[in-house]
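For the sequence shown, position 94 matches number 440 in this note's numbering, and the numbering has no gaps at all. Where is the CB? At the ideal position from N, CA and C, for every residue including glycine.
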Amino acid sequence: MAGAAGIEFHECDIRDYAALLPFLEGIDVVVHQAAIPSVPRSISEPELCFGVNVDGTFNVIRAAVEQKVRRIVFASSSAVYGDSPALPKVEDMRPEPLSPYGAHKLAGEHFLRAAQQSYGIETVSLRYFNVFGPRQDPSSAYSGVLSIFANRVLSGEAPVINGDGEQTRDFIFVDDVARLNLLAASVPEASGGVFNGGCGEGVTLNRAWKAMQAAAKVELEPQRGPQRLGDVRDSRADISAAKEVLGFAPQVEFEDGVQRTLAWFAAQRK
Ligand code: UD1
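#1: Would you kindly check if the distance between the Cβ of Phe404 and the Cβ of His378 is under 9 angstroms?
#2: What three-state label does DSSP hand Leu472 in the structure shown?
#3: In this structure, how does DSSP classify Val520 when only helix, strand and coil are distinguished?
#4: Note down the Cα distance separating Glu354 from Gln573, rounded to an integer number of angstroms.
#5: Here's the rule I'm using: 16 or more other beta-carbon atoms within 10 Å means buried, otherwise exposed. How should Arg417 be labelled?
#6: Would you check if the segment 575 to 587 and the segment 507 to 518 touch, i.e. whether three or more CB-CB distances between them fall below 8 angstroms?
#7: Any chance the CB of Ile507 is under 8 angstroms from a heavy atom of the ligand UD1?
#8: Let me know the alpha helix (DSSP H) ranges lying completely inside the segment 432 to 470, each 4 residues or longer, listed in chain order.
#9: To the nearest angstrom, report how far apart Ile382 and Pro392 are at their CA atoms.
#10: Any heavy atom of the ligand UD1 closer than 8 angstroms to the CB of Pro446?
#11: On a CA-only basis, which of Leu394, Ile467, Leu500 is nearest Glu565? Give me that one, please.
#12: According to the neighbour-count rule (16 or more other Cβ atoms, all chains shown, within 10 Å of its Cβ), is Pro596 buried or exposed?
#13: Sort out for me which residues DSSP pairs Phe404 with in a bridge.
#14: Over what stretch of residues does the beta strand (DSSP E) that includes Arg570 continue unbroken?
#15: Evaluate the contact criterion for the segment 453 to 460 versus the segment 478 to 486: three or more CB pairs, one atom per stretch, below 8 angstroms.
#16: Quick check on this structure: which residue in Phe594, Glu599, Ala364, Val406 has the alpha carbon closest to the alpha carbon of Ile467?
#17: For Gly479, which residues from the same chain have a beta carbon less than 6 angstroms from its beta carbon, with the 5 sequence-adjacent residues on both sides left out?
#18: Just the C-alpha distance for Phe396 and Ile389, rounded to the nearest angstrom, thanks.
#19: Out of Ile373, Asp602, Ala364, which has the shortest C-alpha to C-alpha gap to Ala554?
#20: Report yes if the C-beta distance between Tyr474 and Gly538 is below 9 angstroms; otherwise report no.
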């Protein structure tokens with residue numbers, strides 16, 4: 347199907363190898379983002395999530411090798427680090443995923459590395475931290491917190507902040523993630539690498555809510571809920587490797603990203 351700006355869109359289940367294979371013919375770089383990206387679902391629906399995240403990734407690698415694709419860029423996750431208190435997270439720390447989802451992503455990284463060694467295909471893994479921005483699904487209790495905040499503020503409702511709100515996350519705006527992927531796809535020296543995808547800054551949830559209120563020009567006192575089970579307190583990426591090898595520098599300031607996110611959600615309501 348032809349789409350905007352010459353982009354063709356084909357919907358395909360990556361668990362179906364035969365369906366996937368022809369789409370990779372003549373392709374130079376595969377940027378593999380397909381997954382069920384949810385820690386709670388990986389626990390409550392283990393077979394489904396394993397099928398998509400692990401078998402599906404295996405199929406993408408196998409099809410790419412078969413079609414002589416030059417490089418695969420893989421969306422991994424900060425979930426591979428687990429909850430050790432050491433900060434910032436550096437790529438050569440020992441990964442200790444706590445959830446099936448984290449284990450799926452780590453398995454994907456290992457399958458990629460093994461494919462590079464065994465078949466010569468170039469591979470790059472990107473460990474995303476907290477991605478936010480337009481088009482993020484706000485509808486579940488496990489959606490990214492900023493999409494939930496945006497919807498709340500637009501409905502004139504206060505959000506629930508779990509715990510004291512002083513926990514920190516390394517939020518990265520989706521445009522910066524797209525830029526990171528383009529670098530991972532094109533920089534020759536990236537081949538074989540694993541890189542954190544964050545901004546290198548820890549932002550508290552209280553600051554995030556303040557930014558959302560400022561963007562919406564409203565003031566609402568948040569409800570305070572209990573700390574969420576299994577929540578890590580602080581998460582922050584060391585992005586030196588992405589800077590040095592890929593030449594990556596995040597361009598969207600957190601508050602600016604929040605404004606753009608809110609503007610997009612507001613436009614959906616019109
Ligand atoms: C994120 C990823 C997850 C990844 C994990 C790795 C998202 C959506 N999830 O989880 O895939 O495995 O990093 O470390 O990016 N919160 C509230 N109120 C709400 C919703 C959330 O206070 O209404 C809090 C949470 O308790 C948490 C923080 O906001 O402290 C961030 O939550 P969330 O956006 O779900 O992301 P992570 O839990 O960091």
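Result, derived from the coordinates:
#1: Position 32 of the sequence shown, counted from the start, is the residue given in the question as residue 378. Position 58 of the sequence shown, counted from the start, is the residue given in the question as residue 404. Taking 9 angstroms as the cut-off, the beta carbon of His378 is found no closer than this to the beta carbon of Phe404.
#2: Within the sequence shown, the letter at position 126 stands for residue 472. Looking at Leu472 - three-state DSSP - the assignment turns out to be strand.
#3: Within the sequence shown, numbered from 1, the residue matching residue 520 stands at position 174. Reduced to three states, the DSSP call for Val520 is helix.
#4: As a position in the sequence shown, residue 354 is number 8, starting the count at 1. As a position in the sequence shown, residue 573 is number 227, starting the count at 1. Near 44 angstroms, if we compare the C-alpha coordinates of Gln573 and Glu354.
#5: Start at 1 with the first residue of the sequence shown, and residue 417 comes out as number 71. For Arg417, the number of other beta carbons within 10 angstroms of its own is at least 16, and it is reported as buried.
#6: Cβ pair count under 8 angstroms is three or more, so yes.
#7: In the sequence shown, counting from the first residue as 1, residue 507 sits at position 161. Yes, the ligand UD1 has a heavy atom inside 8 angstroms of this Cβ.
#8: Runs of the alpha helix (DSSP H) lying entirely within the segment 432 to 470 and spanning at least 4 residues, in chain order: 446 to 465.
#9: Working through the sequence shown from its first residue, we reach residue 382 at position 36. Working through the sequence shown from its first residue, we reach residue 392 at position 46. Cα to Cα, Ile382 sits roughly 11 angstroms from Pro392.
#10: Translated into the one-based positions of the sequence shown, residue 446 becomes position 100. Flag unset: Cβ of Pro446 not near the ligand UD1.
#11: Translated into positions along the sequence shown, residue 565 becomes position 219. Closest by alpha carbon: Leu500.
#12: Along the sequence shown, one-based indexing puts residue 596 at 250. Answer is buried; the Cβ neighbour count reaches 16.
#13: Position 58 of the sequence shown, counting from 1, holds the residue named residue 404. Paired residue(s): none; Phe404 is not in a bridge.
#14: Indexing the sequence shown from 1 puts residue 570 at position 224. For Arg570, the enclosing beta strand (DSSP E) stretches over residues 569 to 571.
#15: No, the segment 453 to 460 is not in contact with the segment 478 to 486.
#16: Stepping through the sequence shown from its first residue, residue 467 is reached at position 121. With distances taken between Cα atoms, Ile467 lies closest to Val406.
#17: For the purposes of this step, residue 479 is taken as the residue at position 133 of the sequence shown. Phe519, Val520, Thr607, listed in sequence order.
#18: Locating residue 396 in the sequence shown gives position 50, counting from the first residue. Locating residue 389 in the sequence shown gives position 43, counting from the first residue. Each residue's alpha carbon lies about 10 angstroms from the other.
#19: Counting from 1 along the sequence shown, the entry for residue 554 is found at position 208. The residue with the shortest Cα to Cα distance from Ala554 is Asp602.
#20: Locating residue 474 in the sequence shown gives position 128, counting from the first residue. Locating residue 538 in the sequence shown gives position 192, counting from the first residue. Going by C-beta atoms, Tyr474 is not nearer than 9 angstroms to Gly538.
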